[in-house]
Each structure stands twice: as structure tokens, then as C-alpha cells.
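Residue numbers (the numbering used here): 1331 to 1555.
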């Protein structure tokens, strides 16, 4: 099982390194084995373009390294927080892609301007507020707490991504490949939103009656897989 998960994570890192999501600002991919609650993630300090099988760690919820050499990235604490609160996801991706990060730096959610957006996310992609000075001392753990608070009134399973103000994007899914696809679609939607606003700054979000949720969820499920 763990070898299979390592292969999935390694493939996701390779795909990430050659995708439009990589802008030389790093990123992370993880996957959890729900039976053992062990997590596979790359060791801290390894560039996403250089990740090899020997750079992958198997880590438990306490942060103890069970397999591999090195230490997990500090961001691991955010991943633990999300896995702990949302048992129906098995993989997380974190990136600093250009358009999604531009919205994050502006402190804005990615607005649902059309059916292209709602077909995949059903609603706006939220932007989690920036950390306060007091929260910065425990940056990664606090980030996980804020994401979970933001999704108390949102569906974590339907809206599979969020922005972090002044930071970047997190996405999630059932597998590393799925979580990466979610991030790729979110990045493309951020670009579409940016272009839409440049063409018409007065554009409003698509009315909810146009969402057509039954068709949306059927198409989305097929695409993620």
C-alpha cells in the first residue's frame, strides 16, 4: 500500500513540476493511508523538480518519520489539520501558481462568473484571511485551523480548493492526481476571472439559478477521475 502511495505522490510531483502551477515558488503534495493514518510527503528542502523516491517520507500524525531520511516540511502541520477534520479526503496539494496567487495576494476569492466555473466548484473558491501577528508564531498549524473555520459553512467535498490571503492555494481530493487536477482547474478559473474583469470590470457572479447542480456534479465527478 505505502509503495503504491509513494508512486502516486512521486507522479504528482513530476506532473506539478512541468505544469502551469509551478512558478519556482515551491509546493507540496501529500497522501494519507486512512487505515494506518500514515502520510506520504517529500522531505523538507527538496525542490519539486528534484523529488525522487528516496526523498519521500512516511510520517505519522505526530510528525514522527517512519520511513525515509530527512524531516517533513513545516507545512505538514497544515496537512494534518485538514486530514484530521475531513475524513473524506485522502490527498492535498499546495501551490503558489500565478493567477490563483494573484487573487490570494489581493485578498480576494476566485469569483464564479460563469458555468465553466460552477461546473467544477459549484461556487466561488474562498480566500482564507491572512494570519494575525499572534498566529504567525505557529504559522502552519494556524493555517489549517483557519481553513477548517472557513469551511464550517461550506462543503469541503464540493469546493475542493481555497486561497490563503497573501500566500497561495490549497486543493484536495481522493488521490494526488485528483488533487492536482483540482489545482489546475482552479488556476485556469483564476485566469479566466482575471481576463473577465479586464474585459468588463462590472461583471457580477453568475446567478445561482444558472448553476444546474445535477449536471454540474455529474460532469465534475467524471473529470476529476
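All C-beta atoms in this analysis are idealised placements derived from N, C-alpha and C, irrespective of residue type, glycine included.
Which residues mark the beginning and the end of the beta strand (DSSP E) in which residue i is found?
i	result
residue 1383	Unbroken run through residue 1383: none, as it is neither H nor E.
Based on DSSP bridge pairs, tell me the residues matched to residue i.
i	result
residue 1491	1501
residue 1360	1371 and 1422
residue 1395	1389
residue 1458	1494
residue 1378	For residue 1378, which the question treats as bridged, DSSP gives no partner whatsoever.
residue 1440	1455
Quick check: what's the CA-CA separation for residue i versus residue j?
i	j	result
residue 1536	residue 1520	15 angstroms
residue 1403	residue 1373	6 angstroms
residue 1426	residue 1365	31 angstroms
residue 1407	residue 1514	23 angstroms
residue 1379	residue 1350	13 angstroms
residue 1518	residue 1343	19 angstroms
residue 1496	residue 1434	5 angstroms
residue 1529	residue 1523	10 angstroms
residue 1506	residue 1360	7 angstroms
residue 1405	residue 1450	26 angstroms
residue 1452	residue 1489	7 angstroms
residue 1383	residue 1337	8 angstroms
I think residue i touches residue j, with their Cβ atoms under 8 angstroms apart; what is that distance to the nearest whole Å?
i	j	result
residue 1339	residue 1370	5 angstroms
residue 1454	residue 1471	Incorrect: roughly 26 angstroms between the Cβ atoms, too far for contact.
residue 1439	residue 1457	4 angstroms
residue 1409	residue 1357	That belief does not hold up - the Cβ atoms of residue 1409 and residue 1357 are roughly 12 angstroms apart, past 8 angstroms.
residue 1502	residue 1411	At roughly 12 angstroms, the Cβ-Cβ gap does not stay under 8 angstroms, so residue 1502 and residue 1411 are not in contact.
Give the range of the alpha helix (DSSP H) segment to which residue i is assigned.
i	result
residue 1472	1469-1480
residue 1527	1506-1529
residue 1339	1332-1347
residue 1435	1428-1435
Please go through the segment 1400-1424 and give each complete alpha helix (DSSP H) segment of 4 or more residues, from N-terminal end onward.
-> Unbroken alpha helix (DSSP H) stretches of 4 residues or longer found wholly inside the segment 1400-1424: 1406-1415, given in chain order.
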